[in-house]
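Let me begin by presenting the structure, written as structure tokens, before commenting on it.
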Amino acid sequence: LALNAKELGVTFYLDQQIAPGAAVNREAFAMYKFSNNHYIKMGKMYTPFDIRLEDDSAYVRQATGFNFDSSDNSIELGLDYTQSTVNLFISNGTSSVSNDDNKFLYGVRGEHQFANARVGSTLVLNDSDSSQQKIVNVYGAYTFADFTLLAEWDWILTKQSNGQDRTQLVGLFEVNYQWRQGLNFKLTSEYYDPNKDIDENQETRFSFVTEYTPISHLQLRAGIRVAESIPQFEQRNNDKLFLQTHFYF
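Next comes the structure, spelled out in structure tokens:
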């Protein structure tokens, strides 16, 4: 739900998920847009991080913690320079309604769009009493003919108060091919190293998905996903076949 007060330049936005026995407030913020298309947002919202991949189960979404299940109380300044955008943001860094300390998450995201491509990067510092986390992210997308390529790479350094530091690497590469209108094929390769100090603990995952959109607001998906991890994580070594139906309204 979006309400515009044009004379004030303010937009009020609410995204409320309603389900039997539960209601989840995903986003609720106010946005003021300046005359030059720059804007400022305040409230509960999703942090502007990378390409906003919709698959929350992807390694790049799980390891970084930036997904569609982690909106946070934030302030965001957006600078729009036509083909380039810059986002500066501060949030609680906890995905909680309140912040129980004086430490916050700070970040900046920059992106430039070309004729058939876009590239960007995000820098994040998340401070807390027990740890400090730094994330450096680079991403890009390129379209040619009926193909669209997506790529993302994340470097995550977590410094614990007990002196035990951990460096993670996580990446994604995806190829989309739109065979015809309403029919898309998606091939995805993922990589995750949960700790660079431990040898041969990397995980990989490969997916092939067919997406069919016969009419507006309806999408049918069928896919297979093959995940490989170390033998100790038997539950993460699996082959999965799935069918999904998405309704958009």
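First residue of the sequence shown? That's -13 in this note's numbering, and the numbers climb one at a time after it. Positions of the beta carbon are idealized from the N, C-alpha and C atoms, including for glycine.
| Item | Value |
| --- | --- |
| Can you tell which of Q164, Q221 and R152 has the C-alpha that lies nearest to the C-alpha of D183? | R152 |
| What's the call for E176, buried or exposed, on a 16-neighbour Cβ count within 10 Å? | buried |
| Can you give me the C-alpha to C-alpha distance between T231 and A9, rounded to a whole angstrom? | 21 Å |
| Comparing alpha-carbon positions, which option in Q146, K145 and V110 lies nearest N36? | Just to set this straight, residue 36 is Asp in the shown sequence, not Asn. Of Q146, K145 and V110, the residue nearest in Cα terms is V110. |
| Classify D225: buried if its beta carbon has 16 or more other beta carbons within 10 angstroms, exposed otherwise. | exposed |
| Any idea if I201 is buried or exposed, counting beta-carbon neighbours within 10 angstroms, 16 or more meaning buried? | exposed |
| Going by alpha carbons, who is nearest to L155 out of N223, E189 and V105? | E189 |
| Tell whether a beta-carbon distance below 8 Å holds between Q17 and Y25. | One point to set straight first is that residue 17 is Met, not Gln, in the sequence displayed. Contact flag set, yes. |
| What does DSSP give as the partner residues of L229 in its beta bridges? | A208 |
| For Q205 and F133, I'd like the C-alpha separation in whole angstroms. | 19 Å |
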